[in-house]
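Structure, as structure tokens:
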């Protein structure tokens, strides 16, 4: 699949942003610090949502995306994100301006953090819905798996605590993230083979014999080749996997455990986001769509056939 | 709501005969021609006369080499377009309701005025039936020529999809699969028509008819329809008279 920068930025920024907001919602902050912390969370989440509009063909109709929540995960994500941002707002104001009802932190008055906790739940729902947009697609076997929502949720939770620089929470979260990533990649390796779709089943010609491309249907590129038959990513997959694991899990853990303080926290946050971008790039780039079978573009078979100008 | 209808009254679709298709791409051209000026945004091309041309098409014809065990390979031309699936995944993923399946005849359509061009439906389709128009920013797909098949301004013989009407070898058939007596239902039954990637759970309506094994001329001559010559007119009269002498 084509790794569109707008979608990669969107899922990484809003994922980490919603994670950070959820943490603030539950644990709270106070005074001027609250203004900047809540501002950072809102900034990331909203910047992510706005950047997602850049990959639309007709962004001016984006509001229509709220209408189909009964069937569409994309619509559900839109609702969940708006509800989460709305729920956080009174809690953020209470933290910043010191409203009486919102005083107290975790453990000092549960109802005082009601909006924040509800917002945190909806933030999780938002990220889950984002992940389901991909996980629901059967035509992309690597995505059609329960580890996909797990990866998104792990990045959500880890992103929040790493951005906050809370080492006692971040270190276990990073360990879990590392495990979840390894699991996701492990299942992804044979996902296409498990889906059992081949050029023979795609064309139905397997009843006669082994199918190969004799001639491509067109000599120029097209939307399908550009959008769904992206082959560059698979070539460097192992390297990018390494970068993602080192940057989003190992380096932040080392920075938080050994450096500590503000330097450690900032370094951890930056490397973690960098690693998350690498992981998300790979998530798109190495995912293969079954439509590639019609073009004979699949794994080692990339060289077969001619004319398909896949980029 | 982009829910799928529980059942559709008719199941309009195509039968594509892989035995007769010669891969001439006339259906591709006819489709492009009709849909350039009919329903919805025209199918745009980008840089059509330049070094890197590309464009939007609703129908593509592939050519495959199929290698049976211990027999020579055979070339099969393979038109690929929307299959108007009963369980169309492209419909339910749509966030705006632009993508829908008609309850009356099962045609899967895009309401271009509500399409935001997010591309999710194209991802959801296993068959590559949808292409985003780069000029209009809306999703394009086969409409089964909904603006021809019910169009009373057209002569009756033209009220079928442009690809079917134009096919010079009669490799494409249009009809109602819900009616077991329709031409398409009978063709499917007689020739063991099959669906593409049934494992994807999409329940396609369109059927493909398998090609004959062209490496076995003893089973059926490839020229069979042409060899049954019956002379008429003067030649027929001569044939009869000379036969009696």
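Residue numbers (the UniProt record's numbering), protein chains in the order written: chain C, 1 to 311; chain Z, 1 to 245.
For glycine and all other residues, C-beta sits at the position ideal for the given N, C-alpha and C.
Query: Cβ separation of residue 8 of chain C and residue 234 of chain C, assumed to be a contact under 8 Å, to the nearest whole Å; Result: About 17 Å; that fails the 8 Å criterion.
Query: Contained alpha helix (DSSP H) runs [length at least 4] in the stretch 229 to 305 of chain C, N- to C-terminal order; Result: 232 to 235, 237 to 245, 251 to 254, 261 to 285
Query: Beta-carbon proximity of residue 141 of chain C to residue 194 of chain C, cut-off 9 Å; Result: yes
Query: Residue 286 of chain Z: contacting residues in chain C (beta-carbon distance under 7 Å); Result: The question about residue 286 of chain Z has no answer here: the residues shown for chain Z are numbered 1 through 245.
Query: 9 Å Cβ cutoff, residue 55 of chain Z in contact with chain C; Result: yes
Query: With 16 other Cβ atoms within 10 Å as the buried cut-off, status of residue 150 of chain Z; Result: exposed
Query: Residues near residue 273 of chain C by beta carbon distance below 7 Å, same chain, minus five either side; Result: 12, 16
Query: Per-residue burial, residue 139 of chain C [other beta carbons within 10 Å of its own, 16 or more giving buried]; Result: buried
Query: Buried/exposed call for residue 246 of chain Z, threshold 16 Cβ in 10 Å; Result: Because chain Z here runs from 1 to 245, residue 246 of chain Z falls outside it and cannot be looked at.
Query: Endpoints, the beta strand (DSSP E) within which residue 80 of chain Z is located; Result: 74 to 81
Query: Unbroken stretches of the alpha helix (DSSP H), 4 residues or longer, contained in the stretch 24 to 88 of chain C; Result: 31 to 52
Query: 7 Å Cβ cut-off: residues of chain Z touching residue 65 of chain C; Result: 95, 96, 116
Query: C-beta neighbour in chain C for residue 250 of chain Z, strict 9 Å; Result: The structure shown has nothing for residue 250 of chain Z, since chain Z only spans 1 to 245.
Query: Chain-ordered residues of the stretch 122 to 150 of chain Z with a beta carbon less than 7 Å from chain C; Result: 122, 123, 124, 125, 126, 127, 128, 131, 132, 137, 138
Query: Residue environment, residue 206 of chain Z, which counts as buried when at least 16 other CB atoms sit within 10 Å; Result: buried
Query: Members of the stretch 62 to 78 of chain Z that neighbour chain C once the beta carbon cut-off is set at 8 Å; Result: 62, 63, 64, 65, 66, 67, 68, 69, 71, 73, 74, 75, 76, 78
Query: Spatial distance of residue 142 of chain Z from residue 181 of chain Z (CA atoms); Result: 25 Å
Query: The stretch 202 to 215 of chain C / the stretch 195 to 205 of chain Z touching (three or more Cβ pairs under 8 Å); Result: yes
Query: Partner residues on chain C for residue 204 of chain Z, Cβ-Cβ distance less than 9 Å; Result: By Cβ distance, chain C contributes nothing, its closest Cβ being about 10 Å from residue 204 of chain Z, past 9 Å.
Query: Coarse secondary structure for residue 59 of chain Z, derived from DSSP in three states; Result: strand
Query: Interface residues of the stretch 198 to 222 of chain C facing chain Z [CB-CB below 8 Å]; Result: 199, 201, 202, 203, 204, 205, 207, 208, 209, 210, 211, 212, 213, 214, 215, 216, 217, 218, 220, 221, 222
Query: Whole-angstrom distance between residue 161 of chain C and residue 167 of chain C, CA atom to CA atom; Result: 8 Å
Query: contact_flag[the stretch 126 to 142 of chain Z, the stretch 52 to 72 of chain C] where n(CB pairs < 8 Å) is 3 or more; Result: yes
Query: 8 Å Cβ cut-off: residues of chain C touching residue 199 of chain Z; Result: 195, 196, 197, 201
Query: Residue 40 of chain Z at chain C interface by Cβ criterion, 9 Å; Result: no
Query: Contact under 9 Å by Cβ, residue 148 of chain C with residue 184 of chain C; Result: yes
Query: contact_flag[the stretch 116 to 132 of chain Z, the stretch 81 to 91 of chain Z] where n(CB pairs < 8 Å) is 3 or more; Result: yes
Query: Chain-ordered neighbours of residue 172 of chain Z on chain B, where CB pairs are closer than 8 Å; Result: You won't find chain B in this structure, because its protein chains are C and Z.
Query: Cutoff 9 Å: residue 136 of chain C Cβ touching any chain Z Cβ; Result: yes
Query: Exposure of residue 133 of chain Z, with buried meaning 16 or more beta-carbon neighbours within 10 Å; Result: buried
Query: Interface flag, residue 186 of chain Z vs chain C, CB-CB below 9 Å; Result: no
Query: Whole-number beta carbon distance between residue 256 of chain C and residue 171 of chain C, since they are thought to touch under 8 Å; Result: 6 Å
Query: Coarse secondary structure for residue 172 of chain Z, derived from DSSP in three states; Result: strand
Query: Proximity of residue 122 of chain C and residue 74 of chain C at Cβ, strictly below 9 Å; Result: no
Query: Where residue 305 of chain C falls, given that 16 or more other Cβ within 10 Å makes a residue buried; Result: Residue confidence for residue 305 of chain C is low, a pLDDT of 35 falling below 50, so the modelled location carries little weight and cannot support an answer.
Query: Residue 44 of chain C burial status per 10 Å Cβ neighbour count (16 or more: buried); Result: buried
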